[in-house]
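One structure is given here, and the rest of the page talks about it.
Number of protein chains: 2
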Amino acid sequence: MTTAEMRDGTTVTPGGSAADTAVETIQREMTVFARRARASAGRMHPELTLVSYTLLGHLEERDGCRATDLAAHYALDKSTVSRQVAALERTGLVERRVDPEDHRVQVLHLTEAGRRILAQVTESRRTAFRERLADWPEEDLTRFAAYLERYNAWPGPGTGEG
Amino acid sequence: MTTAEMRDGTTVTPGGSAADTAVETIQREMTVFARRARASAGRMHPELTLVSYTLLGHLEERDGCRATDLAAHYALDKSTVSRQVAALERTGLVERRVDPEDHRVQVLHLTEAGRRILAQVTESRRTAFRERLADWPEEDLTRFAAYLERYNAWPGPGTGEG
DNA sequence: TCTTCAAGTTGTACTATACAACCGACACTG
DNA sequence: CAGTGTCGGTTGTATAGTACAACTTGAAGA
Chain A
102 MTTAEMRDGT TVTPGGSAAD TAVETIQREM TVFARRARAS AGRMHPELTL
152 VSYTLLGHLE ERDGCRATDL AAHYALDKST VSRQVAALER TGLVERRVDP
202 EDHRVQVLHL TEAGRRILAQ VTESRRTAFR ERLADWPEED LTRFAAYLER
252 YNAWPGPGTG EG
Chain B
102 MTTAEMRDGT TVTPGGSAAD TAVETIQREM TVFARRARAS AGRMHPELTL
152 VSYTLLGHLE ERDGCRATDL AAHYALDKST VSRQVAALER TGLVERRVDP
202 EDHRVQVLHL TEAGRRILAQ VTESRRTAFR ERLADWPEED LTRFAAYLER
252 YNAWPGPGTG EG
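As given, the protein sequences belong to chains A and B, one line each in that order. Numbers given in the numbering used here equal positions in the first sequence, counted from 1, plus 101. Numbers given in the numbering used here equal positions in the second sequence, counted from 1, plus 101.
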């Protein structure tokens, strides 16, 4: 994709053509990925939507947290999180414990069932990813992972994730 | 994330812990990215949703194609593409030309307005990405871009993109 | 011709999401 | 202690994107 910067007929800032090409490619490929992600996730695990999966994962990683924390971390509206959590509670994957310190907050925790489902989906997803990345040298894997983490760590409020 | 492979309590195949950790991270970060992408894209360009944007992009790249081709390329249902295209036609960004060879098919083309909007959104997105990636060394940018291309080139039908 | 297939459209339903309005519980501050 | 603001969360409403199934129309073969 050496001519990426000309695809839409605009010119690029001078002196950075390699970097510009790379930025263009990153933008395009991230977009392609994003376009496909949700749908295929749904096909893979009808049990757990992509959203539910990431929410449960965060809960496990943090060993419980508030709905507000989830909303902040995933840049979601609190109403969205509220409904997602309600659904997860309804299906018994999550439980709420009112914080005795502050009766406004509900600390969310995985239930045993939630932990089990999460593990199962994680394993299935990992298998798919591993297959997909099977022929990558380990060095490339770790570098790719580091790049993604760095990319996602950007603090800006939705400045360029899509 | 050095203990990623233990997060769900399962064991991993022996002899690949660094690679497994990386795979886990890639999976997680790609997921986070996908989770955010659509929403922020919508916030950035109310004119053109992420879906419309990718569709227009494909149309420009291929210089016109059929709705079925779009569906296949993006792993979307034909009904979805049908509605998306209808919307794009309604807003005058795309036009249909019935194939004289086969009256079933409609070859889709960008209109002048479509080309203009696409260029404008592409530029705006590129700016955002460039800002976000501003402090990355060029070498990292090109490597990251190459990794993403390689990742997305995987031919499997939605095996692990989410 | 009759059947089968391919391209697209339309009906219906569901998920994810945002925004706005709201409620209840803290936390200050006068 | 009352008044005011703030924070965590829920609910009402609207929208995008999507799938699946049923259907229409046109093309291609048996």
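Idealized CB from N, CA, C, for every residue including glycine.
Against residue i, what residues of chain B qualify as contacts under a CB-to-CB distance less than 7 Å, listed in chain order?
i, result
"A/GLN128", "ARG226, ARG227 and PHE230"
"A/THR120", "Note that residue 120 of chain A is Ala in the sequence shown, not Thr. Simply GLU239 and LEU242."
Between which two residues does the alpha helix (DSSP H) holding residue i run?
i, result
"A/LEU249", "239-253"
"B/ARG217", "213-233"
"A/VAL195", "Run containing A/VAL195: none in the alpha helix (DSSP H); it sits in the beta strand (DSSP E), 195-199."
"B/LEU189", "179-191"
Could one say the Cβ of residue i lies closer than 8 Å to chain A's Cβ atoms, at least one of them?
i, result
"B/ALA173", "no"
"B/GLU125", "yes"
"B/ARG184", "no"
"B/THR155", "yes"
Where does residue i sit, in a helix, a strand or coil, going by DSSP?
i, result
"A/ARG167", "strand"
"B/ARG208", "The sequence as given places Val at residue 208 of chain B; Arg does not occur at that position. The answer is strand: DSSP assigns B/VAL208 an E or B state."
"B/THR150", "coil"
"B/SER118", "helix"
"B/ARG139", "helix"
"A/ALA339", "One cannot answer for residue 339 of chain A here, as it falls past the ends of chain A, which runs 102 to 263."
"B/GLU202", "coil"
Consider the Cβ of residue i: report whether some Cβ of chain B lies at a distance smaller than 8 Å.
i, result
"A/LEU234", "yes"
"A/ASP241", "yes"
"A/ALA188", "no"
"A/ALA168", "no"
"A/GLU133", "Inspection of the sequence shows that residue 133 of chain A is occupied by Val rather than by Glu. Yes, its Cβ sits closer than 8 Å to a Cβ of chain B."
"A/ALA246", "yes"
What does residue i touch in chain A if you count any residue whose Cβ is under 7 Å from its own?
i, result
"B/GLU250", "THR126 and GLU130"
List the residues of chain B whose Cβ lies closer than 9 Å to the Cβ of residue i, in chain order.
i, result
"A/VAL152", "ARG136"
"A/ALA176", "ARG136, ARG137, ALA140 and SER141"
If the cut is a Cβ gap below 8 Å, which residues of chain B does residue i touch?
i, result
"A/VAL199", "Per Cβ cutoff of 8 Å: no residues; A/VAL199 is ~27 Å from chain B at best."
Contact the region 157-177 of chain A vs the region 206-221 of chain A: 3+ CB pairs below 8 Å: yes
- prompt: Touching or not, the region 189-207 of chain A and the region 144-162 of chain B, by the rule of three or more beta carbon pairs under 8 Å?
  reply: no
task: Tell me, please, whether the region 120-128 of chain B touches the region 242-249 of chain A by the rule of three or more beta-carbon pairs shorter than 8 Å.
output: yes
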